[in-house]
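>
Residue numbers (my numbering): 3 to 258.
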């Protein structure tokens with residue numbers, strides 16, 4: 003933790019001539035961008051995996067026809083097909099999972115008053131008028147929603163809401179396009195699980211996934227501002243990145 007605190011402090015010192023009192027906040031944004039750059043190859047791999055899964059729809063339709071009366075055999079054949087084509091239905095989760103350590107590091111760094119037995123000087127830094135170690139509840143107590151610190155959170159909530167709405171519309175279009183393509187290829191045989199049902203609970207997750215972007219609002223409200231800034235930066239990056247990586251997969255859905 004002390005090494006991480008030193009890294010953030012050094013980045014803040016480098017950015018201080020440009021961002022002054024908000025240099026630590028700018029350092030967190032820069033750190034988030036560096037993390038996302040490191041994770042970007044996984045994001046590209048996840049996009050390739052989703053394209054590969056879409057390309058398997060005709061073969062999956064054939065398996066449904068062949069094993070329509072035997073759901074267990076269909077599920078086994080589906081797993082074998084994915085293994086043969088080296089496609090994982092959970093590959094899209096890897097970029098998010100790999101970012102969790104960075105988020106928790108920031109969370110703990112700005113939740114502790116001491117680091118390595120010394121006072122945590124990073125807690126003295128602010129984003130405009132909002133201390134990086136405080137939460138939305140602290141801003142509401144000190145000045146209200148439109149107070150100096152509260153207004154910083156208003157800005158973050160506006161950004162997060164805009165990104166969440168963008169992600170919601172894009173996810174709905176992609177899921178509608180995937181569902182339409184699957185139905186054109188072949189309707190599932192009675193009693194035969196679909197592609198996402200090979201992993202227990204995955205079908206339910208897919209249904210609620212378009213709404214999960216709005217949970218970011220809750221995260222921003224309850225974690226320290228430094229961690230909230232990481233979340234806002236990362237989700238904004240993710241929205242732009244996915245729009246670029248999956249742009250060719252949105253065209254069929256838009257045409258429907």
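Think of the CB as a built atom: it goes at the ideal place given N, C-alpha and C, for glycine as much as any other residue.
Report the CB separation of residue 65 from residue 79 in whole angstroms; it is logged as a contact under 8 angstroms.
Residue 65 to residue 79, Cβ: 5 angstroms. Contact.
> What does the alpha-carbon distance come out to for the pair residue 60 and residue 221?
Straight-line Cα distance between these residues: approximately 40 angstroms.
> Determine the direct distance from the alpha carbon of residue 160 to that of residue 131, and round the result to whole angstroms.
Approximately 18 angstroms between the Cα atoms of the pair.
> Which residue comes first and which comes last in the alpha helix (DSSP H) that contains residue 225?
First-last for residue 225: undefined, no H or E at that position.
> Tell me the DSSP bridge mates of residue 116?
Answer is 121.
> Could you give the DSSP three-state label for residue 132: helix, strand or coil?
Of the three classes helix, strand and coil, the one that applies to residue 132 here is strand, per DSSP.
> Can you give me the Cβ contacts of residue 33 inside the same chain, cut-off strictly under 6 angstroms, excluding the 5 residues immediately before and after it?
Answer for residue 33: no residue qualifies.
> If you run the structure through DSSP and keep just helix, strand and coil, what is residue 20?
Note: residue 20 maps to helix in three-state DSSP.
> According to DSSP, is residue 153 helix, strand or coil?
Of the three classes helix, strand and coil, the one that applies to residue 153 here is helix, per DSSP.
> Checking 8 angstroms against the spacing of the C-beta atoms, do residue 129 and residue 24 come in under that value?
Contact flag set, yes.
> Let me see if you follow: with CB-CB separation under 8 angstroms, is residue 73 close to chain C or not?
Protein chain content of the structure displayed is limited to a single chain, and chain C is not contained in it.
> For residue 123, which residues from the same chain have a beta carbon less than 8 angstroms from its beta carbon, with the 5 sequence-adjacent residues on both sides left out?
Excluding sequence neighbours, residue 123 sits near 11.
> Output the boundary residues of the alpha helix (DSSP H) element that contains residue 100.
Residue 100 -> alpha helix (DSSP H) spans 96-111.
> Near residue 115, which residues of its chain fall below 6 angstroms by C-beta distance, leaving aside the five closest residues on each side in sequence?
If we look at residue 115 and ignore the five residues flanking it on each side, its Cβ neighbours are 122.
> Please classify residue 22 as buried or exposed, where buried requires at least 16 neighbouring CB atoms within 10 angstroms.
Under this definition residue 22 is an exposed residue.
> Which of helix, strand or coil does DSSP assign to residue 72?
It is coil, neither helix nor strand.
> Going by CA-CA distance only, name the one from 224, 42 and 30 that's closest to residue 107.
Cα-wise, what sits closest to residue 107 is 30.
> For residue 135, collect the residues of the same chain with a Cβ closer than 6 angstroms to its Cβ; drop the 5 residues on either side in sequence, then sort them by chain order.
These residues qualify, in order along the chain: 112, 125 and 226.
> Looking at residue 165: is its Cβ nearer than 8 angstroms to the Cβ of residue 238?
Yes; because the gap between Cβ atoms is below 8 angstroms, this pair is in contact.
> Here's a check: name, in chain order, each residue in its chain whose Cβ is nearer than 7 angstroms to the Cβ of residue 145, leaving out the five neighbours to either side.
Contacts found: 151 and 152.
> Residue 137 by DSSP, collapsed to three states: which one?
Correct three-state label for residue 137: coil.
> Taking the Cβ atom as the reference point for each residue, do residue 14 and residue 109 lie within a distance shorter than 8 angstroms?
No, they are not a contact pair.
> Among the candidates 218, 63 and 175, whose CA atom is the shortest distance from the CA of residue 245?
Of 218, 63 and 175, the residue nearest in Cα terms is 175.
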